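Protein chains in written order, with our numbering: chain S, -17 to 278; chain E, -17 to 278; chain L, -17 to 278; chain W, -17 to 278; chain P, -17 to 278; chain U, -17 to 278. Using N, Cα and C, we set each Cβ at its ideal position, and we do this for glycine too. Keep in mind it's a predicted model, so treat the numbers as computed, not measured. Worksheet: one structure, shown below.
There are 6 protein chains.
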Amino acid sequence: MADALPVWPGGVAALSAGDKAEVLVEALPYIRRFRGSTVVVKYGGNAMRGSDGLALFADDVVLLRAVGMNVVVVHGGGPQIGEMMTRLGKVPEFVDGLRVTDADTLEIARMVLVGKVNRDIVGAVNVAGAPAVGVSGEDAGLLQARARSVELGYVGDIDEVRPAILRRLLNEELVPVVATIGTDEEGQAYNINADTAAGAIAEALGAEKLVYLTDVEGLRRQPDDAASVLSTVSVDELDAMVDEGAVAGGMVPKATSCTKAVRAGVAHAHILDGRVPHVLLLEVFTRSGIGTMVAR
Amino acid sequence: MADALPVWPGGVAALSAGDKAEVLVEALPYIRRFRGSTVVVKYGGNAMRGSDGLALFADDVVLLRAVGMNVVVVHGGGPQIGEMMTRLGKVPEFVDGLRVTDADTLEIARMVLVGKVNRDIVGAVNVAGAPAVGVSGEDAGLLQARARSVELGYVGDIDEVRPAILRRLLNEELVPVVATIGTDEEGQAYNINADTAAGAIAEALGAEKLVYLTDVEGLRRQPDDAASVLSTVSVDELDAMVDEGAVAGGMVPKATSCTKAVRAGVAHAHILDGRVPHVLLLEVFTRSGIGTMVAR
Amino acid sequence: MADALPVWPGGVAALSAGDKAEVLVEALPYIRRFRGSTVVVKYGGNAMRGSDGLALFADDVVLLRAVGMNVVVVHGGGPQIGEMMTRLGKVPEFVDGLRVTDADTLEIARMVLVGKVNRDIVGAVNVAGAPAVGVSGEDAGLLQARARSVELGYVGDIDEVRPAILRRLLNEELVPVVATIGTDEEGQAYNINADTAAGAIAEALGAEKLVYLTDVEGLRRQPDDAASVLSTVSVDELDAMVDEGAVAGGMVPKATSCTKAVRAGVAHAHILDGRVPHVLLLEVFTRSGIGTMVAR
Amino acid sequence: MADALPVWPGGVAALSAGDKAEVLVEALPYIRRFRGSTVVVKYGGNAMRGSDGLALFADDVVLLRAVGMNVVVVHGGGPQIGEMMTRLGKVPEFVDGLRVTDADTLEIARMVLVGKVNRDIVGAVNVAGAPAVGVSGEDAGLLQARARSVELGYVGDIDEVRPAILRRLLNEELVPVVATIGTDEEGQAYNINADTAAGAIAEALGAEKLVYLTDVEGLRRQPDDAASVLSTVSVDELDAMVDEGAVAGGMVPKATSCTKAVRAGVAHAHILDGRVPHVLLLEVFTRSGIGTMVAR
Amino acid sequence: MADALPVWPGGVAALSAGDKAEVLVEALPYIRRFRGSTVVVKYGGNAMRGSDGLALFADDVVLLRAVGMNVVVVHGGGPQIGEMMTRLGKVPEFVDGLRVTDADTLEIARMVLVGKVNRDIVGAVNVAGAPAVGVSGEDAGLLQARARSVELGYVGDIDEVRPAILRRLLNEELVPVVATIGTDEEGQAYNINADTAAGAIAEALGAEKLVYLTDVEGLRRQPDDAASVLSTVSVDELDAMVDEGAVAGGMVPKATSCTKAVRAGVAHAHILDGRVPHVLLLEVFTRSGIGTMVAR
Amino acid sequence: MADALPVWPGGVAALSAGDKAEVLVEALPYIRRFRGSTVVVKYGGNAMRGSDGLALFADDVVLLRAVGMNVVVVHGGGPQIGEMMTRLGKVPEFVDGLRVTDADTLEIARMVLVGKVNRDIVGAVNVAGAPAVGVSGEDAGLLQARARSVELGYVGDIDEVRPAILRRLLNEELVPVVATIGTDEEGQAYNINADTAAGAIAEALGAEKLVYLTDVEGLRRQPDDAASVLSTVSVDELDAMVDEGAVAGGMVPKATSCTKAVRAGVAHAHILDGRVPHVLLLEVFTRSGIGTMVAR
């Protein structure tokens, strides 16, 4: 019996010693295989709205770090930005369905992303037991961006990822948590789509895995058919699905980032259901099929 | 003639080669002496309101870094928090002259400090040429805090500084920029006085220098007599001045942090006039007396 | 779903994703805590007679190594030596109930221990996936010994453990498997009790844990009462039990090695039932009480 | 006069100071040249039967190690295996003149090689003063093998040498002593010809020298003419001699290993007379021609 | 005000704080750019005859070292050799205008260069505050030479530069000061032209800069027109000027060494007026055009 | 037979293989023991006058270096300085039997020591095969000195040895050859007695051995009795001999340096006959008594 560590709340007691041993043994080859490799996890603004989910997610990050994986968390924060806009009485303006980001909106977005969402995630990972550091895409030139269009204001596209700052933090065994604000050479900030940024970062780091935590079970072959969730899909099939419109809405930047990253050398990309407790652990350390895996 | 670097705007041209050489030679013993040593600079929320001052300050930070010093920037942001409070229609409440920080106020304070003030400083240092990283006192347990009193809500006092995260970043030749939000063991955040935090961080790092950039010329022996600015003061004299009330208001936490840090091993503490361009460079690299130096 | 790794034979499939996640999460604090620490495991000659047990044991060693623990395996081989003696037609001779070890017996013992038992363990660990190296106590002066008595011949007691060779191998992330033959300064070999040697090695390495894998469930308070197995016992209590004769036979060197090692700084010693599959994993990574733990 | 070290038995006293100085000076360029380079020495089962020869050989190994060479000893043990077979009453069976190795014979061979011959060499080198470690070709996959033919049973040919384990031990300034048992991917052991294994190891390590210690003065041009010993031979000449049958019997695997290793980049291979005291030292550190050198 | 360092003699006091700050800020991009890069400075025997110049030069070397540049000083000593020759009553002999160097002259030259000129420079740099080490081109085979012609005796041309000794000293943060005596394989010494040696060393080290400190303002387009000093010149232009005779006398080896070194990868070569105080600092750390820069 | 290295001139051929082997084996324990330890050798100005002696000495230095010892050579040069003084027509002046060193004499002494004697030794060691570097006691503050008396001018006594420069050179596996010119804080040079300097350097480096190469067989108990050479002497006995006048003249600084160094932790000091070829090798690597050893 291992000695005095805080007792975990909950029901593992019901499992037999044999069951436990088998789970640990099942995890072994994955622990061995992924030591030292890098996983980039996009954690959604939606996913964290129930604080319980955030605590479970933080536990998973700490466990991955504990077995020697390099974990980078990337997040957005659309809902939280929207709330603050409302609170400040700002009325959103749209061009072609995309929200225009004027200077004031950008400042609010940055403040919420970096000062609230990022902080909440960093805090949760710290409390769970791994030293995390909040990073903005502005730090050390991480996300080099430029304006997407004049009409949209400070909405940026990524020109280049300079991952040196992430490597330095990973070298020091820290967990970088990235808020996706980018800058151009003059230091002008831009708001960047977090799904796209996660893919670009995974690519720049040569990550082993790129994981999207969403609020659906995975990619569906038929958008309306919950039973059509795919367990694996090739990059070519996925491209075709995007072209055909079978993938739509907010899933599009995730899907295209997956295919782009996998084509650029990321071994696997995954679209998982962030509502399943410890889904990240289950994906990495068990044989069970969870969500959708994108592979070459 | 050194080759194609971007030309600096301005008037050095009027100086003779001999003048320039003498300035460089004057700086030499200080460059040699301070290589590898650490300086903690408290940069005030007031100081940065004119953006020009921020750019000059960032240049100084980069130059200190370039000659091998470890620079840690600590900042507050009272004025910026006040603006956002006003904008959100929050009415401040006071107990014994101190603002009560309820949960909502704390969240706004954190958002502004981490998401705006910190970002602006990090951005300026990055543009000036050194890789800076925004750090909150919450990261990796940097600032361990507890509530000062029940009435004041989430206003915290520092229990302990855990400087490991700063050392790791300095090891990687990064410039940490610290927003002074602390946490307790449960992860509850608190707003911390930035002057006090700067002193505690300098002490924990065994810094060579602790520098406060303010908007006065230095400490005055007579509060009302601008001509009574002291160029040096001992820790005992300064303690006496605080006891006698010769030091008052916002200068008190600076003064007591200076004496505490110097007694704990920081070689020198300085209260400088942040409105003087490049005052940090002048203090570190020239013989001229600038502001007030606190020494044993 | 993690991709193409060889499928594990067996029944984990019956466990739900939630069950699996909870086991992994339960293991997390122990993984974090034991990284980089050392465990010395005495693996008995009896335990390995069914080859299945050896394979399961090797899996456990590899998993401990995979999460960053330093594992040293120490083994004896009494039954195997006896078999070879019989096969060679040697008739054992006894003095006070202890087998006399003449030069020929020593050579047979060494040959069997180093050339057969040690090899079988090394091979099993290698096949399970960690690079293991067979070490004799003769290598690089690991076990310095002298004759226990003239009558017993080449039966040795340990004078000193020189653990440098083990540290070198652990530095290189190898798993040392130690056959307990010692030598004196002239190079004369002696057969050493493996239980005692395991304790002395744990002490010399400053190990975190010393584990005996036996064929009983643990230490019993009443030798005849299988229901009296102790889950924890202090070193003082255990000493008393040895004095009173409540611990007897082959359990005595285990018990006295446990108390000696724990008093010398080994954090915990454990007497486990090697017949339980993956008992080593269960002890290290779960909260469940298994076998008997000896602590200060 | 150097101070209190144990006095060497014997007759160097008769040499003058000038003689001694000249020997040391003669050795100088070789010491300088071979520092940090690797020598693989095949030490024969025959060579070690008089224990005096083993002690002298161990001294040589220690001296090579002392001047900074990496020494790997490879050994067989045919005569010792034969003795144990006889003692156990096993009757050898032959196919085409080669001994069939059934499972029981393999186990005996392994036990004798690893548990006796290897141990005796390791012990002698340890006593002479360098930390030696016994290694089996099974350790960490060193010798990957497969069955030569179904009829011969567990006689293996080398598929691949994985020298990482040897490099790790050499890094730690240890002397690996290798017993030539190999394994296939399933962990099945095979008995490997030690002459062939020595050559393959030298090749895999990129050794500077491969040395065979035998009980003849060197290679003879005419098998029956003791006066026809060659002092140097090229790989082409040696291949021709094997083809013509001028090299025969147990010398064939040595000769073909020499030519194979030299062609693969080993600088020189040597066939020396292990009966000459300190022949290894004389070969490495003097200009005198000793035995036969194989070069491109 | 920085604390108790010895007060500098002189007149910087007249400069305003703003002036000083601007000079420091002007230097910043160059400090950043040249950290870790190598500069080879040829310091002339003429330049050091007023000891004041030597002290100023030494200050410059120390400052370059303090900001992290690798500085190598190369010097000749014609005038000092001539003085000693006269003092010893030696009558110089000439062939085609070049002084014949017999064995006695060589010994005198070496003694003066290594034992006097080199020592004076090393001493001055040491006093100024950086650890300098005197090196002869004979040390560790630095300058491999052969006789230029039989008639000239021990005047040597460089065959090869072996810069390992300089790299080792630079690794240890020492300032090598090189006297340009070379040797051939037999150890025979030769006197080498210091201008040529400086260029060859810069090339061998892959230096960033090669600087000649002379007693003219720079290269003139018209030899007789002091107003025709060039601020930059390309290697092709400079070659043409040498061919046309516009560059003549002692300036020829400097000019040809500049073009050769720049063509071989040295980024810039400079011919400066060593009589200007701190000219080296001004060249490296200011934008002002000083002397002549040779670039591709 | 080892391959194509240049053949040594001379008569080792007459020795049998057995003789050679025994000499090598005799050297083994000393090679092992002295690896990584430091020996400071004072090489006298007299000793090097026949160039043959210098070449043999250089061979010995290279061999010590080759087996991993750190060798520091310290030298004087009285005879060579005297010759140059004569050649320059300087008439020596004496006070109490000691030569007065005026500024001109100091410059000549320095020039001869650093520019000639030091160079000759560095050159010889380089040719023999180890990279040597000439060092003056002025380099990096190695020998801190002050004037012994006003009358004697620039004759200095050692105040402090700062051995950092020697450690840096030894770290880089170079052989420092030290000319014993010291300096005071102002950079004023002084001529230092080389015997005394050698002892002080050995002490500062914590050397294992301090060796004086002289032109006598060793210390005599009776100055006039060549048969009274001592093979060992304790520091107390030697002090008494100096007090009684049994040790006199130039042997006094050697004797007092030996006792001082041994009392300060140098293991052994030796006074050897530099006229015996390879006496240094014989002392270090053989059991034969050579010269006089000073021990506690």
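In this structure E190 of chain P is buried. Its beta-carbon is surrounded by 16 or more other beta-carbon atoms within 10 angstroms. Under the 9 angstroms criterion on CB atoms, P259 of chain W is classed as interfacial with respect to chain U. Between the alpha carbons of E120 of chain S and R81 of chain S lies a distance of about 22 angstroms. Within the DSSP secondary-structure output, S118 of chain L pairs in a beta bridge with L:A161. Taking the Cβ atoms as the reference, D177 of chain L lies roughly 7 angstroms from Y194 of chain L, within the contact range of under 8 angstroms.
Counting along the chain, E142 of chain E sits inside the beta strand (DSSP E) bounded by residues 137 to 143. Closest in C-alpha terms to G18 of chain U, from the list U:V96, U:E155, U:V258, U:E142, comes U:E155. In the three-state scheme derived from DSSP, where H, G and I count as helix and E and B as strand, N173 of chain U is classed as strand. Counting along the chain, D218 of chain U sits inside no beta strand (DSSP E); it lies in the alpha helix (DSSP H) bounded by residues 217 to 226.
By the C-beta criterion, the segment 93 to 100 of chain U is judged to be in contact with the segment 157 to 175 of chain U, since at least 3 inter-stretch pairs fall below 8 angstroms.
Between P61 of chain L and D34 of chain S, the alpha-carbon positions lie close to 55 angstroms from each other.
The beta strand (DSSP E) runs of length 3 or more contained entirely in the segment 222 to 260 of chain E are, from start to end of the chain, 250 to 255. Excluding residues up to 5 positions away in sequence, I63, M66, M67, L70, K72 lie with their Cβ nearer than 8 angstroms to the Cβ of I90 of chain W in the same chain.
Sequence-distant partners of S210 of chain W (beyond 5 residues in either direction) whose C-beta falls short of 7 angstroms from its own C-beta, in its chain, are R202, R203, Q204. Proximity to A184 of chain L across L:D86, L:A112, L:E4, L:V143 peaks at L:V143, based on C-alpha coordinates. Between G256 of chain S and T196 of chain S, the C-beta spacing is below 9 angstroms. Nearest to V198 of chain P by C-alpha distance, out of P:G26, P:R14, P:G0, P:E4, is P:G26. Beta-bridge partners assigned by DSSP to R128 of chain L: L:D139.
DSSP lists P:R81 as the bridge partner or partners of F76 of chain P. The DSSP-derived three-state label of V56 of chain U is strand. In its chain, beyond the 5 residues on either side, I140, V143 have a beta carbon closer than 6 angstroms to the beta carbon of A182 of chain W.
Taking 9 angstroms as the threshold, the shortest C-beta distance from M93 of chain W to chain L falls below it.
Within the segment 190 to 221 of chain L, the residues whose Cβ lies closer than 9 angstroms to some Cβ of chain S are S213, T214, listed in chain order.
The C-beta of G116 of chain P comes closer than 9 angstroms to at least one C-beta of chain U. If the five residues before and after S(-2) of chain W are omitted, its C-beta is found closer than 7 angstroms to no C-beta atom of its own chain.
The three-state secondary structure of R202 of chain U, taken from DSSP, is strand.
Chain W has a Cβ within less than 9 angstroms of the Cβ of R17 of chain U.
Taking a contact to require three or more Cβ pairs closer than 8 angstroms, the segment -3 to 16 of chain E and the segment 41 to 51 of chain P qualify as touching.
With fewer than 16 other beta carbons inside 10 angstroms of its own, E226 of chain P counts as exposed. Separation of the CB atoms of V244 of chain U and R278 of chain U is rounded to 6 angstroms, and the pair is thereby assigned contact status at 8 angstroms. For R101 of chain L, a Cβ of chain W is located within less than 9 angstroms of the residue's own Cβ. Under the three-state reduction of DSSP output, M275 of chain W falls in the strand class. Bounds of the beta strand (DSSP E) holding L192 of chain E are 191 to 196. Counting the other CB atoms within 10 Å of its CB gives A114 of chain W a total of 16 or more, which places it among the buried residues.
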